[in-house]
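Novice: Heads up: the sequence shown begins at 0 in this note's numbering, then just goes up one per residue.
Before I ask anything, here is the structure I am working with.
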Amino acid sequence: MELKGKKILVVGLAKTGVAVAKFLAKRGGVVTVTDIRNRADLKPQLAELSRFDINFALGSHNKSDFTSASMVVVSPGMPMDHPLLVAAKQKGVEIVSEIELASRFITAPIVAITGTNGKTTTTTIAGEIFKANGFNTYVGGNIGDPLIELADSDMKAERVVAEVSSFQMEWISGFKPAVAALLNLSEDHMDRYATYQDYVDAKLRIFENQSSNEFALLNCDDDQVMKSTLRIKSKIFPFSRKRELEEGIYYRNERIIYRFDHKEMVFPVKDIKLKGVHNLENIMAALASALLLGCREKESLAAINSFEALHHRMEFVRRVNDVEYFEDSKATNVGSVLKALESFNNITLIAGGKDKGGSYAPLAELVKERVNCLVLIGEAADRMEKELGSYTTVHRARTMEEAVNIASQITSGGGTVLMSPACSSFDMFKDYEERADKFREAVNRL
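Below, the structure written as structure tokens:
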């Protein structure tokens, strides 16, 4: 697309907004950047953009900037029903997300990975498999580097692997991945979407522009995934942890088996370092996306065998008095906590934080079966106790350190203390990483 002389508004000066503004300015766009933060709060970002010819509207948003632009590149943090976006759309302004803009300038095949849980792990593993097979690979999107940075670089990428969130897909129009993976679906971001179906619909847009020439990689063990994808046009390639598939990738008898185009590849799991039932699904999805785009069996097995857990995802911290402590701070929704609970027994679960609006009821059965005690923190503690308190013993804690100390006193040898919150962190912490650090510090002081 031609950008020279085009009047473009970039909303938000987070990492992605800065990268988009640079990209557009270099190509001759008439760029305005708007952010509700003031100049003093944006010193690093403004310094980074100082050599470019860019207009800044800071401290608040001006309606005229939105309605007079020919294109708005919107921040994922701004909901679709924001009055300024509604006004721009009514004026016929094209509104796009960063991934939509970037995809118009990327020629390499894209693997796009979405789902409620497991996106980052799956994206990272897929990137490592492609690299192990000798492909010049860019890994980005909602994980790490924005896709627009690839479009703005001299890198001759042969494969692109992108983690894609529901927010990023709200404003796509032509985004068409060669492989689109939907890992799972459960309630999340109910503070953003009016209904669960709105959230699901945003996720499903990943398949919107695919044809029968592209692949839809689907978790066929997830009823919501399969029910929601009945009408997609792409070629369905299923993965399953629970049953054998004539075509697809599945797990059976300590092996992952890939079947496609009358060929079969077998991957023993005995040397895989990444533990947890959910990670079997992540590995299968990553393997399938890579094998469908030309990767080989031997190199791919070596890549998955050498991969270790990402930070803040069921990460082992320490063993104290025959009790193991695991940190799962990235588990900010119920679906993620379900996978964690499936991986352990005799659990003391530390949970809670800022409530995201979804129901905690799906945890009830596993809490009843596997959780000896709940230690609740944060704003969501009252509602979590109301929905789950009848299934196990409940303690309350005012701080993470107090929660860890309570857990250490009530967990007997052979048990597991798992911090898997099912909530966001913003009531007590800067982000999920700070929450993880506080948990680790408390455990290491025991």
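All residues carry an ideal CB built from backbone N, CA and C; glycine is no exception.
Report the option in ASN332, ILE7 and ALA20 whose CA atom is closest to the CA atom of LEU184.
Specialist: Closest by alpha carbon: ASN332.
Novice: LYS353 to THR392, Cα distance in whole Å?
Specialist: Approximately 22 Å between the Cα atoms of the pair.
Novice: Should the region 273-292 be regarded as contacting the region 367-378, the criterion being three or more beta carbon pairs within less than 8 Å?
Specialist: The region 273-292, when compared against the region 367-378, does not touch it at the 8 Å Cβ threshold.
Novice: Using a Cβ cut-off of 8 Å (strictly closer), state whether LEU181 contacts chain D.
Specialist: No chain D appears in this structure, which consists of one protein chain only.
Novice: With H, G and I counted as helix, E and B as strand and the rest as coil, what does DSSP make of ILE128?
Specialist: If DSSP states are grouped into helix, strand and coil, ILE128 belongs with the helices.
Novice: Under 7 Å from any heavy atom of the ligand FMN, does the C-beta of ALA402 make it?
Specialist: Absent from the structure shown: the ligand FMN. Ligands present: none.
Novice: With burial defined as no fewer than 16 other Cβ atoms inside 10 Å of the residue's Cβ, what is the status of MET418: buried or exposed?
Specialist: The residue is buried, with at least 16 neighbouring Cβ atoms inside 10 Å.
Novice: Give every residue of the same chain whose Cβ lies closer than 6 Å to the Cβ of GLY377, excluding the five residues on either side of it in the sequence, and list them in chain order.
Specialist: Cβ within range, chain order: GLY351, GLY352, ASP426 and MET427.
Novice: Going by DSSP, what residue range makes up the alpha helix (DSSP H) through TYR195?
Specialist: Per DSSP, TYR195 belongs to the alpha helix (DSSP H) from 195-203.
Novice: For a test of the three-state rule: what should DSSP assign to VAL316, helix, strand or coil?
Specialist: Here VAL316 sits in strand by DSSP.
Novice: Report, in whole angstroms, the separation of the C-beta atoms of ALA20 and VAL30, which I expect to be a contact under 8 Å.
Specialist: Going by Cβ atoms, the distance from ALA20 to VAL30 rounds to 6 Å, so yes, they are a contact pair.
Novice: Indicate the three-state DSSP secondary structure (helix, strand or coil) for ALA161 in the structure shown.
Specialist: DSSP places ALA161 in strand when its eight states are reduced to three.
Novice: Using the DSSP secondary-structure output, state which residues sit across from GLY140 in a beta bridge.
Specialist: The partner list for GLY140 (beta bridge, DSSP) reads GLU162.
Novice: Starting from SER239, trace the beta strand (DSSP E) both ways and give me its first and last residue.
Specialist: SER239 -> beta strand (DSSP E) spans 234-239.
Novice: Sort LYS232, LEU348 and MET225 by Cα distance to SER211 and report the nearest one.
Specialist: Residue LYS232 is the option with its Cα nearest to SER211.
Novice: Are there 16 or more other CB atoms within 10 angstroms of the CB of SER59, so buried, or fewer, so exposed?
Specialist: Classification of SER59: exposed, given that the 10 Å Cβ count is below 16.
Novice: Given a cut-off of 8 Å, decide if GLN167 and SER96 are closer than it, judged by their beta-carbon atoms.
Specialist: Cβ atoms of SER96 and GLN167: closer than 8 Å.
Novice: Taking all protein chains shown into account, decide if VAL265 is buried (16 or more other Cβ within 10 angstroms of its Cβ) or exposed.
Specialist: So VAL265 counts as exposed.
Novice: For HIS60, does the three-state DSSP call read helix, strand or coil?
Specialist: Residue state, collapsed to three classes: coil.
Novice: Which residues share a DSSP beta bridge with PRO176?
Specialist: None; PRO176 has no bridge partner.
Novice: Measure the C-alpha to C-alpha separation of TRP170 and SER49 and round it to an integer number of angstroms.
Specialist: Their Cα atoms are separated by approximately 28 Å.
Novice: With H, G and I counted as helix, E and B as strand and the rest as coil, what does DSSP make of MET154?
Specialist: Here MET154 sits in coil by DSSP.
Novice: Determine whether the beta carbon atoms of ASN141 and HIS277 lie at a separation below 8 Å.
Specialist: It is not a contact, given that the beta carbons lie outside the stated cut-off.
Novice: In chain order, what residues of the same chain lie with their CB nearer than 6 Å to the CB of ILE409, ignoring the 5 residues before and after it?
Specialist: CYS372.
Novice: In terms of alpha-carbon separation, which member of GLY27, PHE65 and LYS25 lies closest to GLY11?
Specialist: The candidate whose alpha carbon is nearest that of GLY11 is PHE65.
Novice: Are SER172 and VAL199 close, meaning C-beta to C-beta below 8 Å?
Specialist: Not a contact, by the Cβ cut-off of 8 Å.
Novice: Secondary structure at HIS311, three-state DSSP: helix, strand or coil?
Specialist: Note: HIS311 maps to coil in three-state DSSP.
Novice: Would GLY356 pass as a contact of ASP190 if the rule is Cβ separation under 8 Å?
Specialist: Yes; because the gap between Cβ atoms is below 8 Å, this pair is in contact.
Novice: I think PHE325 touches VAL316, with their Cβ atoms under 8 Å apart; what is that distance to the nearest whole Å?
Specialist: With 8 Å as the limit, PHE325 and VAL316 qualify as a contact, their Cβ atoms being about 7 Å apart.
Novice: For PRO267, which beta-bridge partners are listed by DSSP?
Specialist: The partner list for PRO267 (beta bridge, DSSP) reads ARG254.
Novice: Helix, strand or coil for ALA111, going by three-state DSSP, please let me know.
Specialist: The answer is strand: DSSP assigns ALA111 an E or B state.
Novice: Would the beta-carbon of CYS294 fall within 8 Å of that of ILE94?
Specialist: Result no, Cβ atoms of CYS294 and ILE94 do not sit closer than 8 Å.
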